[in-house]
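Q: Please read through the structure below; I'll follow up with questions.
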Amino acid sequence: VNIKVELVTNESKAVKTSVSNSLMDAFGKVLERKDTTVMVAPSPSRTLLCQQMGVSRPILWSIDNPYLYKVLTVVHQGGRIVDTYNTPIGIRTFKFDPDYGFFLNGKNMKINGVCDHHDLGCLGAAINEDALHRQLVLLKNMGCNAIRCSHNPPAPELLNMADSMGFIVMDETFDIWRKKKTAHDYARYFNEWHERDVTDMVMRDRNHPCIMMWSI
6 VNIKVELVTN ESKAVKTSVS NSLMDAFGKV LERKDTTVMV APSPSRTLLC QQMGVSRPIL
66 WSIDNPYLYK VLTVVHQGGR IVDTYNTPIG IRTFKFDPDY GFFLNGKNMK INGVCDHHDL
126 GCLGAAINED ALHRQLVLLK NMGCNAIRCS HNPPAPELLN MADSMGFIVM DETFDIWRKK
186 KTAHDYARYF NEWHERDVTD MVMRDRNHPC IMMWSI
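If you read the sequence shown in our numbering, its first letter stands for residue 6, the second for the next number, and so on.
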């Protein structure tokens with residue numbers, strides 16, 4: 006497990022900082038912990054800390070057994086905790102073969118997917134977690150194992166549920182570039198915002214084990 010922690014301080018001088026990363030199983034048992042002391046560069050610079058941890062017999066994330074580990078990051082300065090962050094992760098492999106198709110953890114399987122728009126019918130575009138969970142349960146029961154998000158970065162709640170329920174996901178940015186469909190769509194902002202928006206989406210979603218590809 007490769008862990009990268011980006012550290013930022015508001016101080017005008019370098020700050021001595023201790024970073025602890027704990028790799029936990031699904032029940033919260035600590036499998037390995039690493040502590041590192043680093044000098045964080047003054048603002049506005051960013052300091053990158055990299056660590057590696059091993060899992061000798063990993064339980065692989067899959068459609069039928071979406072097993073999730075967790076990395077708990079704790080940042081100390083001057084003997085006190087200044088930040089914590091929980092990152093759920095899954096261990097798995099995806100592969101596409103031109104002759105045999107898709108493989109999950111070395112096992113050939115069919116992708117039975119849907120293009121799932123973010124709105125929830127008459128409930129509208131605001132996320133309702135109960136309604137979203139109900140929708141995914143219905144999809145799972147009818148044999149669906151994959152979701153293509155459309156046509157905007159998905160709500161984090163959707164990806165969290167896909168991680169824990171066992172869906173593979175095509176994570177999509179937008180379906181509008183410079184050519185507009187309507188008067189007030191994303192084409193108005195594409196030139197100024199597309200690079201920032203794509204970067205933010207990938208940085209936000211990159212640790213979700215459900216994601217098998219990115220879509221533009």
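C-beta: ideal position from N, C-alpha, C; glycine also.
Small disclaimer: the values here were computed from a predicted structure and weren't measured.
(1) Whole angstroms is fine: what's the gap from ASN146's alpha carbon to LEU137's?
(2) Does the beta carbon of PRO71 sit closer than 8 angstroms to a beta carbon anywhere in chain D?
(3) What is the residue span of the alpha helix (DSSP H) that LEU164 lies within?
(4) Where do the ends of the alpha helix (DSSP H) carrying ASP202 lie?
(5) Would you check if the distance between the CB atom of LEU54 and the CB atom of VAL24 is smaller than 8 angstroms?
(6) Quick test of the definition: if touching needs 3 or more C-beta pairs under 8 angstroms, does the segment 104-117 touch the segment 150-157?
(7) Return the first residue and the last residue of the alpha helix (DSSP H) that ASP180 is part of.
(8) Looking only at its chain, what residues have a beta carbon closer than 6 angstroms to the beta carbon of VAL174, apart from the 5 residues adjacent to it on each side?
(9) Ends of the beta strand (DSSP E) at ALA131?
(10) With distance defined between alpha-carbon atoms, name the residue in TYR72, PRO159, LEU141 nearest to ILE2.
(11) In the DSSP output, what is THR22 paired with across the bridge?
(12) Look at the alpha carbon of LEU122 and the alpha carbon of HIS156, and state the distance between them as a whole number of angstroms.
(13) I need the boundaries of the beta strand (DSSP E) containing ASN15, first residue and last residue.
(14) How long is the line joining the alpha carbons of GLY126 and ASP40, rounded to whole angstroms?
(15) Give the DSSP-derived three-state secondary structure of VAL142 in the structure shown.
A: This is what the structure gives:
(1) In the sequence shown, the residue the question calls residue 146 occupies position 141. In the sequence shown, the residue the question calls residue 137 occupies position 132. Going by the C-alpha atoms only, they are around 14 angstroms apart.
(2) The structure shown has no chain D; it contains just one protein chain.
(3) To locate residue 164, count along the sequence shown from 1; it is residue 159. Here the alpha helix (DSSP H) through LEU164 covers 161-170.
(4) Here residue 202 is taken as the residue at index 197 of the sequence shown, counted from 1. Unbroken alpha helix (DSSP H) run through ASP202: 195-210.
(5) Your numbering for residue 54 matches position 49 in the sequence shown. Your numbering for residue 24 matches position 19 in the sequence shown. A contact, by the Cβ cut-off of 8 angstroms.
(6) yes
(7) Within the sequence shown, numbered from 1, the residue matching residue 180 stands at position 175. No alpha helix (DSSP H) contains ASP180, which DSSP labels as neither H nor E.
(8) Here the question's residue 174 lines up with position 169 in the sequence shown. Counting only Cβ-Cβ distances below 6 angstroms, and skipping sequence neighbours, we find ILE152, ALA167, CYS215, ILE216.
(9) Here the question's residue 131 lines up with position 126 in the sequence shown. Here ALA131 belongs to no beta strand (DSSP E), and DSSP marks it neither H nor E.
(10) No statement about residue 2 is possible, as the shown extent of the chain runs from 6 to 221 and does not include it.
(11) In the sequence shown, the residue the question calls residue 22 occupies position 17. In DSSP, THR22 forms a bridge with VAL43.
(12) Counted from its first residue, the sequence shown places residue 122 at position 117. Counted from its first residue, the sequence shown places residue 156 at position 151. It should be noted that the sequence gives His, not Leu, for residue 122. Cα to Cα, HIS122 sits roughly 7 angstroms from HIS156.
(13) One-based indexing of the sequence shown puts residue 15 at position 10. Neither: ASN15 is in no beta strand (DSSP E) and is coded neither H nor E.
(14) As a working note, residue 126 is residue 121 in the sequence shown. As a working note, residue 40 is residue 35 in the sequence shown. Cα-Cα distance, rounded: 48 angstroms.
(15) Against the sequence shown, residue 142 aligns to sequence position 137. Three-state result, VAL142: helix.
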